[in-house]
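Visitor: Using this note's numbering, the letters of the sequence shown correspond one by one to residues 3 to 192. Here it is, the structure in full.
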Amino acid sequence: MIVDIIYVILQVACVCEVLQQSGNMERLARFLWSLPGCEKLQKNESVLKAKAVVAFHRGNFKELYKILESHQFSPHNHPKLQALWLKAHYIEAEKLRGRPLGAVGKYRVRRKFPLPRTIWDGEETSYCFKEKSRTILRDWYQHNPYPSPREKRELAEATGLTTTQVSNWFKNRRQRDRAAEQKDGQPRRE
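Written out as structure tokens, the structure is:
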């Protein structure tokens, strides 16, 4: 009997995953609606993830947030669920403002609605570069704040960044240095 229940739960979880991957949200919603109220089944992570996806696609963000905040999810599901959490909050903010969010608007939404611990390991996500990469870039900046395209490609390879990221880092650093010089009259060269 217990083996049968486990087998059924695994089958249901598999169907949920397949329907999610197919992108057929209406069929997934009908399937979820047809499931019995068995607690073990309803608390299964694949079923909960499927319910969250359906809630998102139907614009039922209140239900999405409730699901994501009240169940601890496995780390391998975090990226997808984090994306749903953020996209839902972005959509709500865009509706409120009546216009699309830019990078700053999205940043503010992320600060206002941090990821719940149920879909996040608690480690702060940083959009900065690793210290090793920054050290390489700072050392090069001391030597030459205007690297050539070839040097930028080499720096990108050495740091694991893209050429665009390297170019932007140098541009931003030069801009910050100019602003600091104007403020206190001292050139900044760390």
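All C-beta atoms, glycine included, are put in the ideal place defined by N, C-alpha and C. As the structure is a computational prediction, the values presented were derived from the model and not from experiment.
Any contact between the segment 29-37 and the segment 66-86? By contact I mean 3 or more CB pairs, one from each, below 8 Å.
Guide: With the cut-off at 8 Å, the segment 29-37 and the segment 66-86 do not touch.
Visitor: Just mark H78 as buried or exposed, buried being the case when its beta carbon has 16 or more other beta carbons within 10 Å.
Guide: Working through the sequence shown from its first residue, we reach residue 78 at position 76. The residue in question, H78, is exposed, as its Cβ has fewer than 16 Cβ neighbours within 10 Å.
Visitor: Going residue by residue through the segment 85-172, where are the continuous alpha helix (DSSP H) segments of at least 4 residues, counting only ones entirely within it?
Guide: Listed in chain order, the complete alpha helix (DSSP H) runs (minimum 4 residues) inside the segment 85-172 are 105-114, 133-145, 151-161.
Visitor: Near W171, which residues of its chain fall below 6 Å by C-beta distance, leaving aside the five closest residues on each side in sequence?
Guide: Taking the sequence shown and counting its residues from 1, the one referred to as residue 171 is at position 169. Excluding positions up to five away in sequence, the list reads L139.
Visitor: Inspect the beta-carbon positions of A57 and E65 and report whether they are closer than 8 Å.
Guide: To locate residue 57, count along the sequence shown from 1; it is residue 55. To locate residue 65, count along the sequence shown from 1; it is residue 63. Yes.
Visitor: Pop quiz: V55 and L86 are said to be a contact at Cβ under 8 Å. What is the actual Cβ separation, rounded to whole angstroms?
Guide: Mapped onto the sequence shown, residue 55 falls at position 53. Mapped onto the sequence shown, residue 86 falls at position 84. 7 Å between Cβ atoms; contact.
Visitor: Can you tell me where the alpha helix (DSSP H) holding Q44 begins and where it ends?
Guide: Numbered from 1 along the sequence shown, position 42 holds the residue referred to as residue 44. Here the alpha helix (DSSP H) through Q44 covers 41-44.
Visitor: Does the Cβ-Cβ distance between L157 and P149 come in under 8 Å?
Guide: By 1-based counting over the sequence shown, the position of residue 157 is 155. By 1-based counting over the sequence shown, the position of residue 149 is 147. Contact flag set, yes.
Visitor: Could you pull the start and end residues of the alpha helix (DSSP H) that H59 belongs to?
Guide: Locating residue 59 in the sequence shown gives position 57, counting from the first residue. Unbroken alpha helix (DSSP H) run through H59: 47-59.
Visitor: Could you check what DSSP says for P38 in three-state terms: helix, strand or coil?
Guide: Counting from one through the sequence shown, the residue named residue 38 turns up at place 36. Residue state, collapsed to three classes: coil.
Visitor: Select from F75, G25, C40, Q144 the residue whose C-alpha is nearest the C-alpha of H59.
Guide: Position 57 of the sequence shown, counting from 1, holds the residue named residue 59. Per the Cα distances, G25.
Visitor: Taking the alpha carbon of F63 as the point to measure from, which residue in K42, H91, E133, H73 has its own alpha carbon closest?
Guide: Looking up residue 63 in the sequence shown gives position 61. For the residues K42, H91, E133, H73, the minimum Cα distance to F63 belongs to H91.
Visitor: Mind checking whether Q74 and L117 have CB atoms under 8 Å apart?
Guide: Taking the sequence shown and counting its residues from 1, the one referred to as residue 74 is at position 72. Taking the sequence shown and counting its residues from 1, the one referred to as residue 117 is at position 115. Going by C-beta atoms, Q74 is not nearer than 8 Å to L117.
Visitor: So, at 6 Å on beta carbons, what are the nonlocal neighbours of A15 in its own chain, with the 5 sequence-adjacent residues on each side left out?
Guide: If you number the sequence shown from 1, residue 15 lands on position 13. Excluding positions up to five away in sequence, the list reads N46, S48.
Visitor: Please tell me whether F131 and L163 are closer than 8 Å, where the distance is taken between their beta carbons.
Guide: Position 129 of the sequence shown, counted from the start, is the residue given in the question as residue 131. Position 161 of the sequence shown, counted from the start, is the residue given in the question as residue 163. Result yes, Cβ atoms of F131 and L163 sit closer than 8 Å.
Visitor: Can you tell me where the alpha helix (DSSP H) with F63 in it begins and where it stops?
Guide: Along the sequence shown, read from residue 1 onward, the residue named residue 63 stands at position 61. F63 -> alpha helix (DSSP H) spans 63-72.
Visitor: Around the Cβ of L98, are there at least 16 other Cβ atoms within 10 angstroms (buried) or fewer (exposed)?
Guide: What you label residue 98 is simply residue 96 of the sequence shown in a count that begins at 1. L98 should be labelled exposed.
Visitor: On a CA-only basis, which of H145, S169, Y143 is nearest K154? Give me that one, please.
Guide: For this step, residue 154 is matched to residue 152 along the sequence shown. The residue with the shortest Cα to Cα distance from K154 is S169.
Visitor: From D141 to R112, what does the alpha carbon distance come to, in whole angstroms?
Guide: Taking the first residue of the sequence shown as position 1, residue 141 is located at position 139. Taking the first residue of the sequence shown as position 1, residue 112 is located at position 110. If I take the Cα positions, the gap works out to 33 Å.
Visitor: According to the neighbour-count rule (16 or more other Cβ atoms, all chains shown, within 10 Å of its Cβ), is C18 buried or exposed?
Guide: Start at 1 with the first residue of the sequence shown, and residue 18 comes out as number 16. The residue is buried, with at least 16 neighbouring Cβ atoms inside 10 Å.
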